Amino acid sequence: MTNETKIDQKVLCRHCGDPCDDESIHIADHIFCCYGCRAVSELLDGTNLSTYYQETSEQNKSISDLKSERKFGFLADEKVQEQVLKYHDDELSVVKFDLPGIHCSSCIFLLEHLPKLEGAIIRSEVNFIRKEITITFHHKEKSLKDIAILLAQLGYPPEINLNSSDQTKRRLSKNQIGTKIAVAGFCFGNAMLMSMPEYLDTNFLLTARFKELFGWISLGMALPIVFYSGRDYFVSAWKSLMFGNIHIDVPVALGIATLFGRSVFEILTQTGGGYVDSLAGLVFFLLIGKWYQSKTYQALSFERDYKSYFPVSVICLNEGKEGNVLLKDLKAGDVVIIHNDELIPADGEIVDGNAIIDYSFVTGESAPVEKSLGDRVFGGGRQKGSQLTVRLDQSVNNSELTQLWNQEEKEGDGKNFKSLIDQISKYFTAAVILIAIGTGIYWQVTDPSIIWNSVTAVLIVACPCALALTLPFAHGHAMRILGENGLYLKNAGVIETLSKVKSIIFDKTGTLTSNESEQVTFVGEALNEGEQVQIASILTNSAHPLSRLALEAIQATEKKPVSEYEEVLGKGMRGNIDGVEIKAGSAEWIGVETVEVMNESRVYIQIDAQFRGYFACQSAYRKGAMDMLNNVRSQFSMHLLSGDNDSERKHLEPYFKHLSFNQKPMDKRAYLENIYEPSLMIGDGLNDAGALQVADVGIAVSEDIHRFSPACDSIISSKSLSKIPSIMNFSKGVRTIIILAMIISLLYNVVGLSFAMAGQLTPLVSAILMPISSISVVGFVTLMVAWRGRLLR
Amino acid sequence: MSVIILLIGCSLAVALLFLGAYLWAARSGQYDDDYTPSIRMLFDDELNQDSCQTPPKTSRKERPA
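Each protein sequence line maps, in turn, to chains A and G.
Residue numbers for the first sequence follow the working numbering, so the first one is 5 and each next one is one higher.
Residue numbers for the second sequence follow the working numbering, so the first one is 2 and each next one is one higher.
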């Protein structure tokens, strides 16, 4: 019999109609995509909210209670509360939690109705985009810990990170650019109004008194534009000059300064209306470009280090008493208790209990390691089994495995390549200055009276507004298109680096193979329902990864009590259910012949002394992974870095030029450091973190983009991995589009320059040329990128 | 013609008012979340009338749907 735990991709949630992923929830014949949907559906079925609140069975609930109790125990600590709470007084507290589990509008419904579930909560508000919830509650009735546990029970365990100060900083800068755009837009509109008479006719109904008034108002508009909205361009131009590294902001700042200087001069001497409208327009468009490019994925984090994966606190044994200790306060000599499925925080020695430790998290090695009393264990391993007591001999930061990602990131990540626009800017700036000098010399000889007019006009018209807008709009738009296709970039600049990549380095476990969609099939005589229940009941008792996998393959409706249960580490388990002896485990344990099959692990089952068959667990390659490799193979130099042994070598050899197995995280990092051409690393876990950082572009593969990813340049949803070849082509296409757009904008500059050098640049010409060039270039870039992006689908 | 001065004064005042209104809205966080409120307004208040403030903690069995 085959057990189908895997859900067809096209199964739709009963409530919201969204497609359900692998983690969907089954209740009777209904399938839901998330807890919110299930809850709301139950509501609609006519029950009151309380049914949902207590949906789990008595026994399960108490277990999960205990777990959450441990997990969030640290929230009782006052120091922690101070950091987590946004506000608190004698009565009320306000807390903001990250809830990666928020999925659809039903989740919002459920979470915003928390006050109905829990009287102590006064108000709860969800920010869907950020996947955050803000809860106001009476902390005398319910503690912060209780609130966190309540959320965890509802299926939204809060993710608490004590050093999340960077987020507020990011938000602040986003707000600032909005304000700057608002000010610039205000000045732009009003300056144009003031300049309108100038456009029409210099003598149009205007007496000198009005001219003067309009001039002064325009000047008033120019001040905030230059000194507030446009300030960043001066700062960045100054910095770039200091470092001798000319980029696009230098000619921009030069243009702004000249426009401003000449306008002030004309208005003060009453020789003309000035160019304040062009100045305001320039800054306004530039800022919009900046804002468009800086829009990033707010709910994703690209900066996580190992600390985000570790628990915030662990349970420490101090003079026979258990207590929560914050991770950063742990020191060598502390004795900590590790429960099933918890991470070992630092290196140490086992003082009590047996361990089955899964290091796949840090080393990429997928097989768990067994350890017993007195053995050394390393920080970052995950315990799979019973309770474990460990005496630490290192603090968290000094642990052998975690040290790898404590290494400071190399200076100026991704700066190995100068962007196209910066390469051009150097020549552009030089050319502009030469032309300005040339014009000056020419008019000095022929007609010195208009020398300043024409020189400033050259500097004004050369201001690379269209050029400066090309990149933000092309990259910003390309980034959105990639986002729609499942690749989420940290910033838009990654696209350009991506287009230069020459070699691609793949990790195997978790990247080419899938962690979760392991195919589990039962081989042997089909099991009847009673037998399935029996097997499920016994497998529940074991924390071994294979037992868990097999358990998932069984659809058992209930669990029965097990008597005379016994588990032998590394062999299997036995127990009596309804007087029938059930054995599950290795071939040796059951007493049948051992067969080694590549890429497959087995759990043998014996019922009532009779061999019934085995569960075959295969680690499967991702759908389309091989086709993808085939497609990129011819264009790039291909490397494989695997933490596993080389049992798969034959399988993979045709696709890769260089294959390396048994690679420790350190080796992977070193390997990447020795690749001198532009490299793209595609990996998943923390074991690839070092390599992802060293690579020019690091893409982390993730089943759930909101939940898990090491520090990287971009995150790709595992479903989109097969799109890598077309994504690479797309990035190259975007580069071509940018080059085309640059040529167009340079042509505009040439046209403008011919006006300027002839001394013909009136405010009207400038006011028309500037917006037209900017809008046409932006339009061209956006349309072309959108058109190219359609090929991705 | 001097009415133009008055008109310009008025238009600038109105424009400044709107600029101020935007800045206030942005500072007070009204643009922080542009998605959730659109969903929140669709929630029906009636549903909550019959739900209880403190749920009874008796039956915990899964309700067959």
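Here a beta-carbon is modelled for each residue, glycine too, at the ideal position from N, C-alpha and C.
Predicted model only: the values in this text are computed from it and were never measured.
- The Cβ atoms of Y203 of chain A and L768 of chain A lie closer than 8 Å to each other.
- Here DSSP, grouped into helix, strand and coil, assigns A472 of chain A to helix.
- Residue contact with chain G for L217 of chain A: present (Cβ-Cβ distance below 8 Å to some residue of chain G).
- Nearest to F615 of chain A by alpha-carbon distance, out of A:K587, A:A629, A:V636 and A:G628, is A:K587.
- Ranking A:I360, A:M196 and A:E597 by CA distance to the CA of Y279 of chain A puts A:M196 first.
- No residue range can be given for I348 of chain A, since it is assigned to no beta strand (DSSP E) and is classified by DSSP as neither H nor E.
- Counting of Cβ neighbours within 10 angstroms places N489 of chain A among the buried residues, the total reaching 16 or more.
- When secondary structure is reduced to three states using DSSP, A261 of chain A falls in the helix class.
- Assignment of Y752 of chain A by DSSP, reduced to helix, strand and coil, places it in the helix class.
- Bounds of the beta strand (DSSP E) holding N131 of chain A are I125 to N131.
- Burial is judged here by how many other beta carbons sit within 10 angstroms of a residue's own beta carbon; D81 of chain A has at least 16 and is buried.
- Contact annotation for G182 of chain A against chain G: A27 and Y32 [CB-CB distance below 8 Å, chain order].
- Residue contact with chain G for S507 of chain A: absent (no Cβ-Cβ distance below 8 Å to any residue of chain G).
- Between Y608 of chain A and A620 of chain A, the C-beta gap is not smaller than 8 Å, which leaves the two residues out of contact.
- Within chain A, A186, V187 and F190 have C-beta atoms less than 8 Å from the C-beta of L20 of chain G, given in sequence order.
- The C-alpha of L663 of chain A is placed about 8 Å away from the C-alpha of R653 of chain A.
- Within the same chain, I29, G105, C111, L114, L158, G159 and Y160 come within 8 Å of Y39 of chain A by CB-CB distance, once the 5 residues on both sides are set aside.
- Of the residues A:P315, A:R134 and A:D338, the one whose Cα lies closest to the Cα of E323 of chain A is A:D338.
- In this structure, the CA atom of S244 of chain A is about 22 Å from the CA atom of F288 of chain A.
- Across the set A:T766, A:I679, A:A704 and A:K325, the C-alpha of A:A704 shows the shortest separation from the C-alpha of G687 of chain A.
- In the DSSP annotation of this structure, the continuous segment of the alpha helix (DSSP H) that includes N635 of chain A starts and ends at A629 to R637.
- For a Cβ distance threshold of 9 Å, residue set T37, I40, R41 and F44 of chain G lies close to I112 of chain A, ordered along the chain.
- In this structure, DSSP gives F190 of chain A a helical state, which the three-state scheme calls helix.
- When secondary structure is reduced to three states using DSSP, A588 of chain A falls in the strand class.
- If you keep only unbroken alpha helix (DSSP H) runs of at least 4 residues inside the region 208-244 of chain A, you get 212-228.
- A14 of chain G has a beta carbon lying at 8 Å or more from every beta carbon in chain A.
- Beta-bridge analysis with DSSP links E163 of chain A to A:D102.
- Burial is judged here by how many other beta carbons sit within 10 angstroms of a residue's own beta carbon; K299 of chain A has fewer than 16 and is exposed.
- Contact with chain G is absent for F101 of chain A, since none of that chain's Cβ atoms lies less than 8 Å from the residue's Cβ.
- Going by C-alpha positions, S267 of chain A is about 13 Å away from L463 of chain A.
- Within chain A, no C-beta atom comes less than 8 Å from the C-beta of L8 of chain G; the nearest is roughly 11 Å away.
- In this structure the region 342-359 of chain A touches the region 382-396 of chain A; the number of beta carbon pairs closer than 8 Å is three or more.
- Under DSSP, A613 of chain A forms no beta bridge with any residue.
- Taking 8 Å as the cut-off, the Cβ atoms of K335 of chain A and S429 of chain A do not count as close.
- Using a Cβ-Cβ cut-off of 8 Å, N194 of chain A counts as an interface residue toward chain G, since at least one Cβ of chain G sits closer than that to its own.
- A straight line joining the alpha-carbon of L8 of chain G with that of I425 of chain A spans about 45 Å.
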